[in-house]
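Each remark here refers to the structure printed beneath this line.
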Amino acid sequence: MRIIFFRILNTTLTFFVTASAFILSATLSSLLFPYITQTPYIIFIPGIIISTAYGGYIHGLISVFATWIWVNFMIISPGNIFNFRNTSEILGSISYLTAGILISWLIDALKRSRDGIKKFYSAFEQAGDAIFITDKHGIIRYLNHEFEIMSGYKEREAIGSTPRIVKSGKQDKAFYERMWKIIKAGKIFRGIFINRKKTGELFYADHTITPIKNTAGMIINYVGIWKDITKQRELEKRRDDFVSIASHELKTPLTSIKGYVQILREKLKGRQNKKVVDYINRMEKQVNHMTNLVIELLNVSRIAAGKLTLQREMFSLPDLVNETIDDIKVTTDIKINYKHEGSALKIYADRERISQVIKNLLANAIKFSGSSKKIVVMSRRENINAIVSIQDFGIGIAKEDQNKIFQRFYRIQHNTGTGKDLTSFGIGLYIAYEIMARHSGKIWVISKQGEGATFCFSMPIIQKKGNTEKEKEKSKKNGENLDRHIRL
Numbered sequence: 025m026r027i028i029f030f031r032i033l034n035t036t037l038t039f040f041v042t043a044s045a046f047i048l049s050a051t052l053s054s055l056l057f058p059y060i061t062q063t064p065y066i067i068f069i070p071g072i073i074i075s076t077a078y079g080g081y082i083h084g085l086i087s088v089f090a091t092w093i094w095v096n097f098m099i100i101s102p103g104n105i106f107n108f109r110n111t112s113e114i115l116g117s118i119s120y121l122t123a124g125i126l127i128s129w130l131i132d133a134l135k136r137s138r139d140g141i142k143k144f145y146s147a148f149e150q151a152g153d154a155i156f157i158t159d160k161h162g163i164i165r166y167l168n169h170e171f172e173i174m175s176g177y178k179e180r181e182a183i184g185s186t187p188r189i190v191k192s193g194k195q196d197k198a199f200y201e202r203m204w205k206i207i208k209a210g211k212i213f214r215g216i217f218i219n220r221k222k223t224g225e226l227f228y229a230d231h232t233i234t235p236i237k238n239t240a241g242m243i244i245n246y247v248g249i250w251k252d253i254t255k256q257r258e259l260e261k262r263r264d265d266f267v268s269i270a271s272h273e274l275k276t277p278l279t280s281i282k283g284y285v286q287i288l289r290e291k292l293k294g295r296q297n298k299k300v301v302d303y304i305n306r307m308e309k310q311v312n313h314m315t316n317l318v319i320e321l322l323n324v325s326r327i328a329a330g331k332l333t334l335q336r337e338m339f340s341l342p343d344l345v346n347e348t349i350d351d352i353k354v355t356t357d358i359k360i361n362y363k364h365e366g367s368a369l370k371i372y373a374d375r376e377r378i379s380q381v382i383k384n385l386l387a388n389a390i391k392f393s394g395s396s397k398k399i400v401v402m403s404r405r406e407n408i409n410a411i412v413s414i415q416d417f418g419i420g421i422a423k424e425d426q427n428k429i430f431q432r433f434y435r436i437q438h439n440t441g442t443g444k445d446l447t448s449f450g451i452g453l454y455i456a457y458e459i460m461a462r463h464s465g466k467i468w469v470i471s472k473q474g475e476g477a478t479f480c481f482s483m484p485i486i487q488k489k490g491n492t493e494k495e496k497e498k499s500k501k502n503g504e505n506l507d508r509h510i511r512l
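Per the numbering used here, the very first residue in the sequence shown carries number 25; after that it's consecutive.
Shown next, in the form of structure tokens:
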């Protein structure tokens, strides 16, 4: 109701201003008639401008035609609108109508442009993120208030400088070279920057840089947006520290428990107490489960610290897949079918890490198979890459989750309807993603909810020798950025 009321009020005021402008112009024309007989329309131009500026294009047109009728009826030919005395009066009328329409259009366009600029600057200043605009050389030309708060630099200090004023020195030259290469190509760059405030305090910013082009396609400006993620990074660091400490502390007692279980098994060897043996088997199964979980947590810690190393060797990929499937088969009643397409396939990679990827994907497929009792595994060579796919026929993955499942600690809330909660811990797929990243490979999923899922990974068969240092750098960057960048 309030919106309708204000619309009616605004329309009423607009017509009032239009009418007032018309009456004022008409009054002035009557008073000044002796002096403007040759150009009787000119006195109405201000009225058209006022009507358009306040009410818009339509109200400008109303003023144009109303004043045209007024001039012709009251001044040029009283009592007879269309009784023109000569050609000049006809041309004058046509010129006035044309000029009036053009003036109305120009004033309305100017008004809309001004309103758009006001809205832009209002949004620019009130944005919750720091925003700044530079020229093509990176010189800051505009910035909002949030930039001042985040960086500690006042507008007068930052304008004319470059974003290097907040450079911390924590990121290497290659990082900035990559950034410039991307934005100079006209593409959007996004990355995590470690910046330094004027006070010397460090802050983390999720930084997006967008090139602005003119009509000729030339870059004329860059728009930078900083989202302060310092608190988020601090929380993540605490979480990583906790995971690292907890996993190390758990490893020692688990090793001891596993040792005692094996001693008990040896002591009871040959005895007929099946119940006790069954208890020991269950105990060992749970200890193994906990040990695997601790190993995965340790791997997460190494990834976050950029310390996940690779021990490369040449080996047969089909043989490794078969061995891994044999290890998994004893833990499930689900049938796992494996087929390798093509000839023998040897790859140069970390055998244990690739086995870990396959185990994680198989464990994931088994867990979410639901009532299905079949998993299909395939491998093949495609040009210079080796590709492995693992397909289950279970509950599938919702589309909105598919680009998030490789993030660290991302958990999908699954329930099969049987009362069994299938929520995962959220690290297996993350580790698989990271291992593939360090092998210059990629991992992705194809799924429809209710129709199962197919996880695939591909990697170069033979890595270049110079990749080791690149992988270390990639490892460090991925440890920082994986929560945001997912390769699908």
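We treat Cβ as the ideally placed atom computed from N, Cα and C, and that holds for glycine.
Exercise for the section: Could you check the C-alpha separation between T254 and I459 for me, to the nearest Å? Expected result: 27 Å
Problem - Rounded separation between G215 and K428 - CA only - result: 18 Å
Exercise for the section: State buried or exposed for D416, treating a residue as buried only when at least 16 other CB atoms are found within 10 Å of its CB. Expected result: Buried is the call here.
Exercise for the section: Starting from G7, follow the alpha helix (DSSP H) in both directions and report where the run begins and ends. Expected result: In the structure as shown, the chain starts at 25 and stops at 512, and residue 7 therefore has no counterpart that could be examined.
Problem - Buried versus exposed, by CB contacts within 10 Å (16 or more), G241 - result: exposed
Problem - C-alpha gap between H231 and I206, whole angstroms - result: Whole-angstrom Cα-Cα distance: 14 Å.
Exercise for the section: Please name the residue in N238, F481, Y246 and S396 whose C-alpha comes closest to that of I212. Expected result: Y246
Handout entry: Buried/exposed call for S175, threshold 16 Cβ in 10 Å
Key = buried
Practice task
State the DSSP-derived secondary structure class of H83, mapped to helix, strand or coil.
Solution key: helix
Problem - Endpoints, the alpha helix (DSSP H) within which M460 is located - result: G452 to R462
Exercise for the section: Look at the Cβ atom of I399, then the Cβ atom of I390, and state whether they are nearer than 9 Å. Expected result: For I399 and I390, yes; Cβs fall inside 9 Å.
Problem - Nonlocal neighbours in the same chain, by C-beta distance under 7 Å from D153, ignoring five residues either side - result: E170, I249, W250 and K251
Handout entry: Any 3 or more C-beta pairs closer than 8 Å across the segment 136 to 145 and the segment 172 to 190
Key = The segment 136 to 145 vs the segment 172 to 190: no contact.
Practice task
Indicate whether the contact test is met: 3 or more Cβ pairs, each with one atom in the segment 451 to 467 and one in the segment 374 to 385, closer than 8 Å.
Solution key: yes
Practice task
Indicate whether I485 and I408 have their beta-carbon atoms separated by less than 9 Å.
Solution key: Result yes, Cβ atoms of I485 and I408 sit closer than 9 Å.
Exercise for the section: Tell me whether the beta-carbon of R375 lies closer than 9 Å to the beta-carbon of E337. Expected result: yes
Handout entry: C-alpha gap between Y120 and I236, whole angstroms
Key = 41 Å
Handout entry: Runs of alpha helix (DSSP H) wholly within the segment 275 to 335 (minimum 4 residues, chain order)
Key = 298 to 329
Handout entry: Secondary structure of Q150, DSSP reduced to three states
Key = helix
Exercise for the section: Classify L167 as helix, strand or coil using the three-state DSSP reduction. Expected result: In the structure shown, L167 sits in a strand (DSSP, three-state: E or B).
Handout entry: Whether K208 touches I243 by CB criterion (9 Å)
Key = yes
Handout entry: Cβ neighbour criterion (16 or more within 10 Å) applied to S19
Key = The shown model of the chain, from 25 to 512, leaves out residue 19, and the question about it has no answer.
Problem - Length of the line joining the Cα atoms of I20 and A90 - result: With the chain represented from 25 up to 512, any question about residue 20 goes unanswered, as that position is not in the structure.
Handout entry: Endpoints, the alpha helix (DSSP H) within which E376 is located
Key = R375 to K391
Practice task
Have a look at the DSSP bridge pairing and note the partners of T232.
Solution key: R214 and I249
Handout entry: Between the CA atoms of F433 and A77 - distance to the nearest angstrom
Key = 57 Å
Exercise for the section: Kindly indicate which three-state DSSP category T186 falls into: helix, strand or coil? Expected result: coil
Problem - CB contact flag (S75, I86, <9 Å) - result: yes
Practice task
Look at the alpha carbon of S464 and the alpha carbon of I327, and state the distance between them as a whole number of angstroms.
Solution key: 15 Å
Problem - Residues near T223 in its chain [Cβ-Cβ closer than 8 Å; skip 5 each side] - result: G176
Handout entry: Residues near I421 by beta carbon distance below 6 Å, same chain, minus five either side
Key = S471 and A477
Exercise for the section: Identify which residue in I173, S128, F430 and I155 has its Cα closest to the Cα of Y81. Expected result: Of the residues I173, S128, F430 and I155, the one whose Cα lies closest to the Cα of Y81 is S128.
Exercise for the section: Would you tell me roughly how many angstroms separate the C-alpha atoms of F227 and R404, rounded to the nearest one? Expected result: Take the alpha-carbon of F227 and the one of R404: they are about 46 Å apart.
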